[in-house]
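Written out below as structure tokens is the structure these notes cover.
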Amino acid sequence: MATLPVLPLTDEVLLPGMVIPVTLDAGTQAAIDAARTTGDKTLLAVPRLDGEYGSVGTIATIDKIGRLPSGEPAAVIRGLSRARIGSGIPGPGAALWVEAVALDEPAPAGKARELAREYKALVTSLLQRRGAWQVIDAVERMTDLGELADSAGYSPWLSLTQKAELLAAPDVTTRLELLVDWVRAHVAEQEVTEKISEDVREGMEKSQREFLLRQQLASIRKELGEDEPDGAGDYRTRVESADLPDKVREAALREVGRLERASDASPESGWIRTWLDTVLELPWKTRTEDNTDLTAAREVLDADHAGLDDVKDRILEYLAVRNRRAARGLHVVGGRGSGAVLALAGPPGVGKTSLGESVARALGRKFVRVSLGGVRDEAEVRGHRRTYVGAMPGRIVRAIREAGSMNPVVLLDEVDKLSAGGFSGDPAAALLEVLDPAQNHTFRDHYLEIDLDLSDVLFLATANVVDTIPGPLLDRMELVTLDGYTEAEKVAIARDHLWPRQLERAGLTADEVTVDDEALGLIAGEYTREAGVRQLERGLAKVLRKVAVELASKSGPVHVGRDNLKTYLGRPRFVFESAERTAVPGVATGLAVTGAGGDVLFIEATAMNGEPGLTLTGQLGDVMKESAQIAWSYLRSHGPELGIDPAGLVGKRIHLHVPAGAVPKDGPSAGITMVTALASLASGRPVRPEVGMTGEVTLAGRVLPIGGVKQKLLAAHRAGLTEVIIPARNEPDLDDLPAEVRKALTIHVTGEVSEVLRLALRPAEVGAVPLVGAAA
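Those letters in the sequence shown? Residues 9 to 784, by the numbering used here.
Structure below.
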């Protein structure tokens, strides 16, 4: 055991046999001064990493004290042997003195010599890459294994932490194992780094060489007067051999000329090539022949969709006109106003999108669907300018390219879901030229900058509501409304289309499970009650899933009918509640139109003691609130003329509520329903439960026309109502009503509120007391 001053090393680790310079500062100078007081100038060099001393240090001696070439004072110390640091003791000077116990080096094991040979080979290969031949000779002359391992302290690729771990290793075998692993990892890392550097260098040299060769080749061809055999010349050949219109060919050859003059290294050449590829891929003179057999076209439409006679008739009219023009030699394709643009508007699930495919099959044309839901960039429709990075043509041009003909059926799906215009432009405004038959024969995409004839394209636009479609855009389309299906049509659709499709998806056959029309009618009327058939199809899918589970445990065919339908779908979700809701005075049944089709609307009124006035609830819009005020004012001013005395309501608080309270509602068509509810409350006469009504009311008692009559009457039919009151000026709308619904409903047309009350209220019973009078 020896008592030695501690020399802290913060940026170096001293191993036995190493000689290193140490810069002298306040801490190291004290240790050097203390060591010089000892006879042999020895001290203990200890690595100090992250502010902490190691447990093992190196006993070292001072060889020389002087200055570095930079002028800083320094001392050269030589490592002698390892020592374990003991407890600190007092000593002379400002240095830290500790007790140091020299560590005995155990004899190397047999494995150590194999590790030494492998370590020498790794170090030699590493040094050869650097050309350090003198160091290689020194390593080869080392025979002492401990000296060989400790010489790694000079290695620049080892971190201070690794060197400190090497110093603290108890025997030479452990040190050599650590070194072999570290050197292997470093060699692998060096190989990857060198490969990356070599690849980068080769790439740069190749690019420079190709650039020089291309410049030389261009100069030689220019001197010889020869054209380039491929590249731009290839595009010239393709353009000249392609079947292009004259103006398109002229524009394409102009771009080919620019390509020939541009350098291959210029980014403009890439833009021109992409543009030429797009132009050459478009079917400029390719058209499909339309089907001229009207009967076959009607059969295709009828086979794919039940009902929807308005759309089918319009498609057949379009086809008949084209056939007659072709028969009289007027079949010149293209030009101003020769196209057709139809807007299919209706609630979800009525078959708007699938109708586009049927129309294309009936006409014998290609079909392309363009989804516009959520599109908010005008460039999505009209294309990007070619100067932008990643520019591409708009969706219309891409649809024509995808169809492969200039007269496809293009379905613009969800045109009412276009996002409002912002800094990226208004996509709805970009459609104005596309959907105008008087303009789209010269449609110009921003990317192509060439007139594209869209006049022979049949555009079909779909929308759930037309209110969100801008007026100028809606004016360019021929609106065809799909108001929903009757229950008989739903049963036919389910039997002929939905049931076979769900059988296939469930992995079942018609021999394993059957369903009757009565069960399909119950699913449509009591479990779904919608304008379309999506929920109906989901109900059929649910039934078949449960049937599949049932067949897994038993054999034999399964029949789905009225008796066991509840087993598969549970209790009905919809019941005929009109009689229950209108059993008390003050409740009337109205009809409304929502985004999902027509619906039944109940309006409730009651009176109570309190501050006189009118309270309105149910998330009503401003127009609907005004209708309630008009209804209340009309009843107060004209009630006695109708035999209804509202005097009992005048001094009371009137509360008018429109369920469901969570659904926003607006519009004037509930006016007569509100008058009827208030009249029922004032007279004590309940509203007839089988009657529904719709119409706007005025202060003079007139009933004004409203919209959505067909959808509202279909909703009344689904809800089980048998009588409907509509404005007299809406009588022409009844021509669009299916015959089945027209036969099932008794429809009253009227222009006066007095007639509405006469039809809607139950007759007054002898001795009956008005509800408000009883409350008073």
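The C-beta atom is built at its ideal place from N, Cα and C for all residues, glycine as well. Model, not experiment: these values are computed from the prediction.
Ser645 in three-state terms, based on DSSP
helix
For my contact list, Gly94 and Val84 are in at a C-beta cut-off of 8 Å; report their separation, rounded to the angstrom.
Actually they are not in contact, since the Cβ atoms of Gly94 and Val84 sit about 27 Å apart, beyond 8 Å.
Using a threshold of 8 Å, state whether the C-beta atoms of Gly62 and Val54 are closer than that.
yes
Per DSSP, Leu460 forms a beta bridge with which residues?
DSSP output for Leu460 lists Phe451 as bridge partner(s).
Helix, strand or coil for Arg86, going by three-state DSSP, please let me know.
In this structure, Arg86 counts as strand in the three-state DSSP scheme.
Kindly indicate the opening and closing residues of the beta strand (DSSP E) around Ala348.
348 to 353
Go through its chain and collect everything with a Cβ distance to Glu236's Cβ below 6 Å, but skip five positions before and after it.
Model confidence at Glu236 stands at a pLDDT of 49, short of 50, so the residue's coordinates are unreliable; what they give is reported in the following sentence. Once the five neighbours on either side are set aside, Glu236 has no close Cβ partner at all.
Quick one: what does DSSP say Glu236 is sitting in, helix, strand or coil?
Reliability of the predicted coordinates at Glu236 is poor, the pLDDT of 49 falling under 50, and the value obtained from them is presented with this limitation in mind. Here Glu236 sits in coil by DSSP.
Is the CB-CB distance between Leu184 and Ala120 below 8 Å?
yes
Return the residue from the list Glu386, Arg257, Glu388, Leu23 that minimises the CA-CA distance to Val287.
Taking only the C-alpha atoms, the option nearest Val287 is Arg257.
With distances taken from CA atoms, which of Arg138, Gly154, Ser227 is nearest Pro164?
Arg138
May I ask you to verify whether the region 291 to 304 touches the region 260 to 272, counting CB pairs closer than 8 Å and requiring at least 3?
Counting Cβ pairs under 8 Å, fewer than three are found: no touch.
Report yes or no: do three or more beta-carbon pairs, one from the region 399 to 419 and one from the region 369 to 387, lie closer than 8 Å?
yes
Grab me the residues of Asp238's own chain with a C-beta within less than 6 Å of its C-beta, minus the 5 sequence neighbours each way, in chain order.
Residue confidence is low: Asp238 scores 48 on pLDDT, short of 50, so the model does not pin down where it sits. Its coordinate-derived value is still stated next. Answer for Asp238: no residue qualifies.
Length at least 4, wholly inside the region 359 to 424: the alpha helix (DSSP H) runs in chain order
360 to 371, 387 to 390, 403 to 411
Report buried or exposed for Gly118, applying the criterion of at least 16 other Cβ atoms within 10 angstroms of its Cβ.
Of the residues assessed, Gly118 falls on the exposed side of the cut-off, its CB having fewer than 16 other CB atoms within 10 angstroms.
Run of the alpha helix (DSSP H) containing Met682, from where it starts to where it stops:
679 to 691
Taking just the CA atoms, how far does Trp190 sit from Val21?
Computed Cα separation, rounded: 17 Å.
Could you check where the alpha helix (DSSP H) with Ser592 kicks off and where it finishes?
Looking at the sequence provided, one finds Val at residue 592 rather than Ser. Where Val592 is concerned, there is no enclosing alpha helix (DSSP H), given that its DSSP letter is neither H nor E.
What is the DSSP secondary structure of Leu104, reduced to helix, strand or coil?
Three-state result, Leu104: coil.
Note down, in chain order, each residue of its chain lying with its Cβ closer than 7 Å to the Cβ of His665, except the 5 sequence neighbours on either side.
Glu612, Thr625, Gly626
Could you spell out the range, first to last residue, of the beta strand (DSSP E) harbouring Gly479?
Here Gly479 belongs to no beta strand (DSSP E); instead the alpha helix (DSSP H) covers 479 to 483.
Does the beta-carbon of Tyr396 have 16 or more other beta-carbons within 10 angstroms, so that it is buried, or is it exposed?
By the 10 Å Cβ count, Tyr396 comes out exposed.
Where Ala615 sits in the DSSP three-state scheme:
The answer is strand: DSSP assigns Ala615 an E or B state.
Between Asp421 and Thr361, which are expected to be in contact by the criterion C-beta below 8 Å, what is the C-beta distance as a whole number of angstroms?
6 Å
When you compare each of Ile73, Thr50, Trp105, Pro100 to Leu88 by their alpha carbons, which one comes out closest?
Thr50
I'd like to confirm the pairing. Which residues does DSSP put opposite Asp607 in its beta bridges?
Asp607 is bridged to Ala600.
Exposed or buried, Leu456, counting other C-beta atoms within 10 Å across all chains shown (16 or more means buried)?
buried
In terms of residue numbering, what span does the alpha helix (DSSP H) encompassing Ile40 cover?
34 to 45
Residue closest to Arg579, alpha-carbon to alpha-carbon, out of Pro565, Leu530, Ser215:
Leu530
Just to confirm, is the Cβ distance from Gly656 to Ala690 under 8 Å?
yes
Counted within 10 angstroms of its Cβ, other Cβ atoms place Glu231 as buried (16 or more) or exposed:
exposed
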